[in-house]
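Student:
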Amino acid sequence: MSVRLPFASAEELLGKYGSNLTRGGIYLRSRSLKNPGTPVLLEIKLESGARVLYASAVVSYVTGNKSEGVPGMGFKFITLDAASRRFLESAAAVMPHARSSEPPVPKNVGPIDSSFDAIPPEAPPASQAQAALPSELAGRLLVAGDSSAVKAPVFEPAPEPPKTGPIIGIDLGTSNSCAAIVKDGQPQMLTWKDGQALVPSIVALTPRGQLVVGAAAKSQLTTNPKWAVYGFKRLIGRPADSEEVRELLKRFPYEVVPTDDGECAVKLGDRAYRLEELSALVLREIKQLAEARLGEPVHRAVITVPAWYSERQREAVREAGRLAGFHVERIVNEPTAAALAWGSSRKKPQRVLVYDLGGGTFDASVLEYTEAVYEVKSTGGDTFLGGIDFDSAIVAQLLADFEARTDTIFTDRVAVQRVYDAAERAKMALSNLKEARIHVPFVAVVEGKPIDLDVTLTRAQLEKLTRNIVDRTMEVCQEVLKTRGLRADQIDEIVLVGGQSRAPLVQERIALLFGRQPVTVGNPEEAVALGAALLADALDKKAGLLLIDVLPMSIGIGLPGGKFHPILSRNTPLPATRKYRMVTTRENQKSLELTVFQGEHPRAAKNTWLGTFKVPNLPLAPRGAVAVELTFELSNECLLTISAREESTGEEIVSAFATRDTPAAVKEQVRALEEDTDPEVDVFRPRGVLGWLKRVFS
Ligand SMILES: Nc1ncnc2c1ncn2[C@@H]1O[C@H](COP(=O)(O)OP(=O)(O)OP(=O)(O)O)[C@@H](O)[C@H]1O
Ligand SMILES: [Mg+2]
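Per my numbering, the very first residue in the sequence shown carries number 12; after that it's consecutive.
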């Protein structure tokens, strides 16, 4: 679409027409309206014919369609050539409104309509505009614009399920989820009719306002990434204003909003979905797969989580399972499940290290097993380390090279997402090949011409780009061994789990560190689900299978002054119970309060806030006269409960452990701890001779 505007210079255009322009788009009057979502090549010229702007764009909204207001369209830019980008930057420099990344809505044009069928069929067909585009792009850019205009369905939690029927094992992964069941004593993957076992862990909202999951959602990633949510396993159970979440959001194209209780939710259309709900949608898809495969309702499941998940994240996954209509029989750590899959077919007792490098998380665990007892000795990992980071390293390099070569800056999400997609495919191919072509047609418009990104990536280049990520996993392995005083040669087998562990560099580095080749249990993506199914079967049959897991990160409390005091330390075998005693520090103190954190940092505020425990209704007495014994109890799934007992009466006190609070309230609690430096305060007094010694000598 070429438009000539009656201005002599770019300055005049900005002066007289500037309110119709932003960095993100332009509003143009037009009688031939096109439906929102229609892609166009847009050329804006001055009176002289000189071009000021050339972009690929999509119609974001229309005005004046229903004889109300002025007929026109708001276009959202997709890609711009370097000259256009410079022009828009100069506009943004002088006009604050033009800094927006959305197209403007000028005053006096009437109401806007962003619905996908805003224009009735008799209006000029959108195909005219599409014909101007390379077919590859025309097919891909289906929707854009303001997602809040689309009505999204309400998430309906499933009713409480019966505790009967088969139990399946589910691996709820960052990239893919899958499930397995034991048949005739053998674990097997549950597959769709086409033999596919993996369901991409992606949820998307379609332009028609439907939520889709799995492969259907994946295809929307490269057409409209703002409405396709992936990688939410990294966000679940984390406070919205945490550093980790802020970091992640720079990368994710979708919109994350905080909920009232400080967790994250994702905005899709006019609705925000909690991460538990998004995970539940993936689990529901798995449920349907299982039911179709088994021909009966499936209500019970064992669900796996990264070993390195905090207590809060485990709780969130349990909730997701419930929302999906599962009775969650057990939450189990991914490496533990994988070890079970490995060990179940081997008779000899062994000590293994499970190296699980998936799409989003890395876990390393050392386990020892005999026939029916699997005992985790040490675990470590990083919930921010996975295949996604390999992809990011490739994409960063590709974009830097492309930008240096063409003087075009990539800011468009769709284009970047398409590069991500191609980079991941090349990365996977490079596990078998020495070089792979990365070809993304029409990613940008340079000097008026649409151009492709077309490069060859060699395995050597990939390994150079990702060596530091692989090194980090090796450091974690060494640390996991060290905390148990183990040497690498004391490990019998290294079991590879997770799709990213297929990378040859990973296998080389493991062989180097451990002096032996690693092993796999079938496909590395499936080992976790197979192990979960074995556990599910053992629970179902009440077989004597014993899993002894450990606490991945210490749990403790914040002391006055802001120090972290661990109560249950890392690698404590589960289940575990620890007692802790607190005394009043004020005259007639009516209540006690303690803030619970999880992590390894000596400052409480640097660890994850788990909740605040309040003990009310204490008997009125002088300072130090009332003592409360607290019991911290961790279940075998690593879920925490705290109870309190007043010592003089021995009575259990009804108290509340609040694990949700507004971000402001949590900040306030942490701040109060930091600022409370009163040297008189000695709330945490160990008892007995040991306590006396500590008090005298500290
Ligand atoms: N052949 C391959 N070579 C290299 N990487 C691969 C290969 N196949 C898959 N991957 C990568 O593996 C990752 C997905 O693995 P997997 O399905 O095990 O992860 P997940 O279980 O979803 O994630 P997580 O366990 O971290 O939650 C993706 O990043 C994918 O790019
Ligand atoms: Mg996994």
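Backbone N, C-alpha and C define an ideal beta-carbon position, used for all residues, glycine too.
Apply the 10 Å Cβ neighbour rule to E486 and answer buried if 16 or more other Cβ atoms are within range, or exposed otherwise.
Tutor: E486 is exposed by the Cβ-count criterion.
Student: Give the C-beta separation of E446 and R470 to the nearest angstrom, bearing in mind that I take them to be a contact with Cβ-Cβ under 8 angstroms.
Tutor: Right, their Cβ atoms sit about 7 angstroms apart.
Student: L292 and A224 - do their beta-carbons sit closer together than 7 angstroms?
Tutor: It is Val, not Ala, that sits at residue 224 in the sequence shown. It is a contact, given that the beta carbons lie within the stated cut-off.
Student: Quick test of the definition: if touching needs 3 or more C-beta pairs under 8 angstroms, does the stretch 422-435 touch the stretch 400-414?
Tutor: A contact exists between the stretch 422-435 and the stretch 400-414.
Student: Counting along the chain, where does the beta strand (DSSP E) carrying G36 start and finish?
Tutor: Segment G36 to R40, the beta strand (DSSP E) holding G36.
Student: Distance check for T233 and V539, CA to CA, integer angstroms please.
Tutor: Using only the alpha carbons, I get a separation of about 29 angstroms.
Student: What is the residue span of the alpha helix (DSSP H) that E258 lies within?
Tutor: Element bounds for E258: E254 to R262.
Student: Sort out for me which residues DSSP pairs E379 with in a bridge.
Tutor: E379 pairs with R362 and E386.
Student: May I ask whether a heavy atom of ligand 2 can be found less than 6 angstroms away from the beta carbon of G509?
Tutor: Result yes, Cβ under 6 angstroms from ligand 2.
Student: Taking its Cβ as the centre, do 16 or more other Cβ atoms sit within 10 Å of A140, making it buried, or is it exposed?
Tutor: The pLDDT assigned to A140 is 32, lower than 50, so where the model puts this residue is not dependable; a value taken from the coordinates is nonetheless given after this. A140 comes out buried.
Student: Report the rounded CA-to-CA distance for Q361 versus V387, giving the unit in angstroms.
Tutor: Distance between the alpha carbons of Q361 and V387: 12 angstroms.
Student: Determine contact between the stretch 448-464 and the stretch 372-382, defined as no fewer than three beta-carbon pairs at a distance below 8 angstroms.
Tutor: No, the stretch 448-464 does not touch the stretch 372-382.
Student: Note down the Cα distance separating F337 from A547, rounded to an integer number of angstroms.
Tutor: Approximately 13 angstroms between the Cα atoms of the pair.
Student: Between A21 and the rest of its own chain, which residues show a CB-CB distance below 6 angstroms, the 5 nearest in sequence each way excluded?
Tutor: So the qualifying residues of the chain are V63.
Student: Is G48 near ligand 1, with its Cβ less than 6 angstroms from a heavy atom?
Tutor: Not so, every heavy atom of ligand 1 lies at least 6 angstroms from the Cβ.
Student: By the three-class DSSP mapping on this structure, what secondary structure does D182 have?
Tutor: Correct three-state label for D182: strand.
Student: Excluding the five sequence neighbours on either side, which residues of its own chain have a C-beta within less than 7 angstroms of the C-beta of E662, listed in chain order?
Tutor: Counting only Cβ-Cβ distances below 7 angstroms, and skipping sequence neighbours, we find R656.
Student: Going by DSSP, name the residue or residues bridged to K56.
Tutor: Partner(s): R15 and R62.
Student: Tell me P269's beta-bridge partners as DSSP assigns them.
Tutor: C275.
Student: Have a look at L99 and D465 and give me their C-alpha separation to the nearest angstrom.
Tutor: Their Cα atoms are separated by approximately 27 angstroms.
Student: For R520, which residues of its own chain have a beta-carbon under 6 angstroms away from its beta-carbon, when the five flanking residues on both sides are left out?
Tutor: Excluding sequence neighbours, R520 sits near V481 and M485.
Student: Distance check for D463 and I578, CA to CA, integer angstroms please.
Tutor: So the two alpha carbons sit approximately 57 angstroms from each other.
Student: Residue range of the alpha helix (DSSP H) that G398 falls in?
Tutor: G398 -> alpha helix (DSSP H) spans G398 to T417.
Student: If the criterion is Cβ atoms closer than 7 angstroms, does the pair I405 and A434 meet it?
Tutor: In contact: I405 and A434 (Cβ atoms closer than 7 angstroms).
Student: Smallest Cα separation from Y431: which of K118, P236 and A61?
Tutor: Minimum Cα distance to Y431 is reached at P236.
Student: List the endpoints of the continuous beta strand (DSSP E) containing C189.
Tutor: Its beta strand (DSSP E) spans residues N187 to K194.
Student: Contact between the stretch 520-530 and the stretch 495-507: three or more CB pairs below 8 angstroms?
Tutor: Yes, the stretch 520-530 is in contact with the stretch 495-507.
Student: Kindly indicate which three-state DSSP category D374 falls into: helix, strand or coil?
Tutor: Correct three-state label for D374: strand.
Student: Is the beta carbon of L650 closer than 7 angstroms to that of S355?
Tutor: No.
Student: With a threshold of 6 angstroms on Cβ separation, who are the neighbours of K27 within its own chain once the five nearest residues in sequence on each side are excluded?
Tutor: Hits under 6 angstroms: none found.
Student: Which of the three DSSP states is assigned to Y591 in this structure?
Tutor: DSSP places Y591 in strand when its eight states are reduced to three.
Student: Is the stretch 299-307 in contact with the stretch 271-289, if contact means three or more CB pairs nearer than 8 angstroms?
Tutor: No, the stretch 299-307 is not in contact with the stretch 271-289.
Student: V240 to R682, Cα distance in whole Å?
Tutor: The alpha-carbon atoms of V240 and R682 are separated by roughly 34 angstroms.
Student: Note down the Cα distance separating V561 from V165, rounded to an integer number of angstroms.
Tutor: Each residue's Cα considered, the two are about 38 angstroms apart.
Student: I want to know whether the stretch 622-637 touches the stretch 601-610 - three or more CB-CB distances under 8 angstroms.
Tutor: Verdict: yes, contact present.
Student: Under three-state DSSP, which class holds P173?
Tutor: Coil, per DSSP.
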